[in-house]
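Sequence order for the protein chains is C and A. Numbering of the first sequence is given in my numbering, commencing with residue 13 and proceeding in unit increments. Numbering of the second sequence is given in my numbering, commencing with residue 13 and proceeding in unit increments. Each residue gets a CB set at the ideal place from its N, CA and C atoms; glycine is no exception. Worksheet: the structure to be examined is printed underneath.
Number of protein chains: 2
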Amino acid sequence: MSIHEVARKAKVSIATVSRTINGVSTVTPQLSRRVWRVIEEMGYYPNTQARSLVSGRSRIFGLIVSEITNPFFPEIIQGFEDMAVQNNYEILTTSTVHDPRRIALSVRRMIERRVEGVAIVTFGMEEALFDDLKTRKIPLVFIDVGPALPRMSNIRIDYQHGIRQAVQHLAALCHERIAFISGPLILKSAMARQRAFIESMEEIGLAVDPNCLIEGDHTMEGGIKALKKILVFPRRPSAVICSNDMTAIGVMRQSYEEGVQIPRDLSLVGFDDIRLAQFMIPPLTTVKMSQTEIARMAFNALLSEVQRDIPSPNGSEYVLRTSLVLRDSTAMACSGGRMKALALKARTE
Amino acid sequence: MSIHEVARKAKVSIATVSRTINGVSTVTPQLSRRVWRVIEEMGYYPNTQARSLVSGRSRIFGLIVSEITNPFFPEIIQGFEDMAVQNNYEILTTSTVHDPRRIALSVRRMIERRVEGVAIVTFGMEEALFDDLKTRKIPLVFIDVGPALPRMSNIRIDYQHGIRQAVQHLAALCHERIAFISGPLILKSAMARQRAFIESMEEIGLAVDPNCLIEGDHTMEGGIKALKKILVFPRRPSAVICSNDMTAIGVMRQSYEEGVQIPRDLSLVGFDDIRLAQFMIPPLTTVKMSQTEIARMAFNALLSEVQRDIPSPNGSEYVLRTSLVLRDSTAMACSGGRMKALALKARTE
DNA sequence: TGTATCCAAGAAAACGTTTTCAGATTTGTA
DNA sequence: TACAAATCTGAAAACGTTTTCTTGGATACA
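This is the structure we're talking about:
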């Protein structure tokens, strides 16, 4: 069923049908009604492929995330989809599973589908894989990756703000030895979070023991492993900040195994504020980085780049602020973990 | 950059370029090499829209899930995507958020994009919304929705098997009062799970107290509310089976609030075996319904329907078996919760 | 009444492919 | 050497739209 049949039944030309559908004002109201009636009657839906072939606009955006099974990302996808629905765009989503081959493949397929822009929410991986998109001048938006070229936007996350709050919160609770479980340090974002931690510590005069900087991998398993390491330290930290919530959940899991009670024996702070965080046992204190906000920013970045006729010379930069959300996984160091640590220390000396 | 430029540079016709790309065997190897060289050199990628316009095949499948932020679904999406990548298909995903308007919109857009088939993983909602797809004879695959019309497949979940195992496991641990927190009973799948529970109980001669059938909503919040209700029962059940893992996680959450220890005071069984289940505190005993397997079945159902030249007269049916996965959230009733319940009962009598 | 202006609607070109059909060249055979 | 058959390549139509250009009729004005 094509526009031709509609035209035939309505006894008009296909041009008129096209104009009717697109609301071109030169069509007589009377004719328009007649055409619409036929369209409804036949249940005619225009063929997007033909439309975008001639118009040169696919109304498709690509969305590349690291891992859809990581609860952080579905919220992003949902937010992005919400925006797409509102703006009559379609999304091609790819979960890379950290596989460069898969990224390359998905980039290629997106180009073949003629996406109008791509949001890359992988937090700083494998930039070179997107060269194909760049040379084709397809608008891109990254998280935490600069500097910006024309048609490329960047969402810069202000890690410092939230992480500083976390550190100061712990300091106020008398924690002095604070460990940080980072993400994989090849990720720019993981690096940035760790740096924010170190700076925040130094700022208030707390020592950062290099042993207390543990490289994780942003998974629960990573959190489990990291806590195992921490628990065998001669001077055990009384608090741990994690580079993401999944790591923190892993830490909680292992704490339970080892009989370490949170927050009595160990204070714990996560990062991301995934929805799950508030349902943990105990509810997780964490630094919020709004996924919905990221999705909105990313979508709007692409949209405004597409709508612009002359590309922004240096791309645009957007900033997302992070901030601490207090829940129940942190407590006074003095009242438990800290005491225990001191007692332990005294005994070994 | 189009096939024409490739043709011009390679000094052949566009037909030859097309044939080269599609590996048609009549092209001389020598010519083929020449064309390929130009293609590589120019970085030419064919335009899928034009391709599918003429071929009449979009190589797109639709995937409709209830809620991407529910951890059950990302695994399905990932599995579906894996299959799509392997088979060179693209996916249009929609998370309905239980909004009929949104479903209708997404169905329409899928039709406009000329999807070749749609997998509907909403566990039995709003069948009428898909009528548009049916009249257009687009292959569909549902979960737990029959009977099958031509070009419609159904994945039937064998709830009975796993749930019977769960009930018998609890019975073996001396549990007699077992509560069941269902999903919203308008969902066919939720109904089916509850029925499987009741049948399994009756089969081994355990009484099903109607009070112990609590309608939840497949969310954590629902689990929290349900447990609150259960805890005020005069004769508190010693075990709870939930219609999905998210509900069970809510129950765990609320148990923690109320000082009820799992499994000492209450045994808990979930359903789905989402990845998170094993990382709960304690790790959750649950009935596994493999998300990956569902995704594979759904994809293959669509694929074989598309490849078939004459549609299956009554559609196809696939069956997925469920089975119990033992972890640490269940324990002997006699050793704690049961004892306590008895003590409580004795005292009140 | 005649001519210039305007406007709604149709004809046709264009988008980038695949595929059918026809033509040109080579190969095989007598 | 000549002709039939086989093989490879090109020309052109087709897919379903949008959009430019054209046309025919109505309106305005003298």
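Please compile the residues from chain C whose C-beta is within a distance smaller than 8 Å of the C-beta of residue i.
i	result
Ile123 of chain A	Tyr57
Arg163 of chain A	What Arg163 of chain A touches in chain C: nothing, since even the nearest Cβ is about 18 Å away.
Ser279 of chain A	Within chain C, no residue comes near Ser279 of chain A; the closest Cβ sits about 17 Å away, beyond 8 Å.
Glu102 of chain A	Leu104, Arg121 and Arg125
Ser70 of chain A	Gln61
Consult DSSP for residue i and reduce its assignment to one of helix, strand or coil.
i	result
Asn100 of chain C	coil
Val127 of chain C	coil
Phe135 of chain C	coil
Met213 of chain A	helix
Ser70 of chain C	coil
Leu314 of chain C	helix
Thr298 of chain C	strand
Asn82 of chain C	coil
Ala260 of chain C	helix
Thr304 of chain A	helix
Tyr57 of chain C	coil
Met13 of chain C	coil
Arg287 of chain C	helix
Cys224 of chain C	helix
Leu239 of chain A	helix
Leu145 of chain A	helix
Thr32 of chain A	helix
Ser201 of chain C	helix
Leu338 of chain C	coil
Ile115 of chain A	helix
Arg49 of chain C	helix
Ala22 of chain A	helix
Apply the 10 Å Cβ neighbour rule to residue i and answer buried if 16 or more other Cβ atoms are within range, or exposed otherwise.
i	result
His16 of chain A	exposed
Ala313 of chain C	buried
Leu354 of chain C	Confidence at Leu354 of chain C is low in this model, with a pLDDT of 45, below 50, so the placement of that residue is unreliable and no value is reported for it.
Leu197 of chain C	exposed
Arg350 of chain A	The pLDDT assigned to Arg350 of chain A is 44, lower than 50, so where the model puts this residue is not dependable; a value taken from the coordinates is nonetheless given after this. Flag for Arg350 of chain A reads buried.
Pro151 of chain C	buried
Gly91 of chain A	buried
Val331 of chain A	exposed
Ile322 of chain A	exposed
Met164 of chain C	buried
Arg359 of chain A	Low local confidence applies: a pLDDT of 42 at Arg359 of chain A is under 50, so the model's placement there is unreliable, and no value is given.
Met54 of chain A	exposed
Val244 of chain C	exposed
Gln319 of chain C	exposed
Taking residue i as the query, report the chain C residues whose CB atoms sit under 7 Å from its CB, ordered along the chain.
i	result
Thr108 of chain A	Those within 7 Å of Thr108 of chain A in chain C number zero; the least Cβ separation is about 10 Å.
Met232 of chain A	Phe291
Ile89 of chain A	Ile80
Pro86 of chain A	Ile80, Thr81 and Pro86
Could you tell me which chain A residues have their CB closer than 7 Å to the CB of residue i, listed as they occur along the chain?
i	result
Ser78 of chain C	Under the 7 Å cutoff, chain A gives no residues; its nearest Cβ is about 12 Å from Ser78 of chain C.
Pro293 of chain C	The sequence shown places Ile at residue 293 of chain C, rather than the Pro named in the question. Neighbours of Ile293 of chain C on chain A, chain order: Met264, Arg265, Tyr268 and Ile293.
Pro83 of chain C	Pro83
Leu62 of chain C	Per the sequence shown, the amino acid found at residue 62 of chain C is Ala instead of Leu. Leu65, listed in chain order.
Arg287 of chain C	Thr81
For residue i, which residues in chain A fall below 8 Å Cβ to Cβ?
i	result
Ile15 of chain C	Within chain A, no residue comes near Ile15 of chain C; the closest Cβ sits about 13 Å away, beyond 8 Å.
Pro275 of chain C	The premise fails here: Pro275 of chain C is roughly 13 Å from chain A at the closest Cβ pair, so nothing lies under 8 Å.
Ser328 of chain C	Ordered by position in chain A, no residue passes the 8 Å Cβ test against Ser328 of chain C, which lies about 27 Å from the chain.
At 9 Å on the CB atoms, spell out the chain A contacts of residue i, in chain order.
i	result
Val97 of chain C	Thr106, Arg114, Leu117, Ser118 and Arg121
So which residues on chain C does residue i lean against when the C-beta distance must stay under 9 Å?
i	result
Ser341 of chain A	Per Cβ cutoff of 9 Å: no residues; Ser341 of chain A is ~12 Å from chain C at best.
Glu93 of chain A	Ile80, Thr105, Thr106 and Ser107
Exercise for the section: Mind checking the region 26 to 43 of chain C against chain A and listing, in chain order, the residues whose C-beta falls within less than 7 Å of any C-beta there? Expected result: none
Problem - Inter-stretch contact (C-beta, 8 Å, three-pair minimum) for the region 35 to 55 of chain C and the region 18 to 26 of chain C - result: yes
Problem - Members of the region 241 to 271 of chain C that neighbour chain A once the beta carbon cut-off is set at 8 Å - result: Ile261, Gly262, Met264, Arg265 and Tyr268
Problem - the region 330 to 347 of chain A contacting the region 291 to 302 of chain A, beta-carbon criterion three pairs below 8 Å - result: yes
Problem - Near-chain C residues of the region 180 to 199 of chain A (beta-carbon distance less than 7 Å), N- to C-terminal order - result: none
Problem - Selection of the region 294 to 320 of chain C by Cβ proximity to chain A, strictly under 9 Å - result: Pro294 and Pro295
Problem - Any 3 or more C-beta pairs closer than 8 Å across the region 64 to 78 of chain A and the region 121 to 133 of chain A - result: With three or more CB-CB distances shorter than 8 Å, the region 64 to 78 of chain A counts as touching the region 121 to 133 of chain A.
Exercise for the section: Could you tell me whether the region 173 to 181 of chain C touches the region 205 to 212 of chain C, where touching means 3 or more Cβ pairs closer than 8 Å? Expected result: yes
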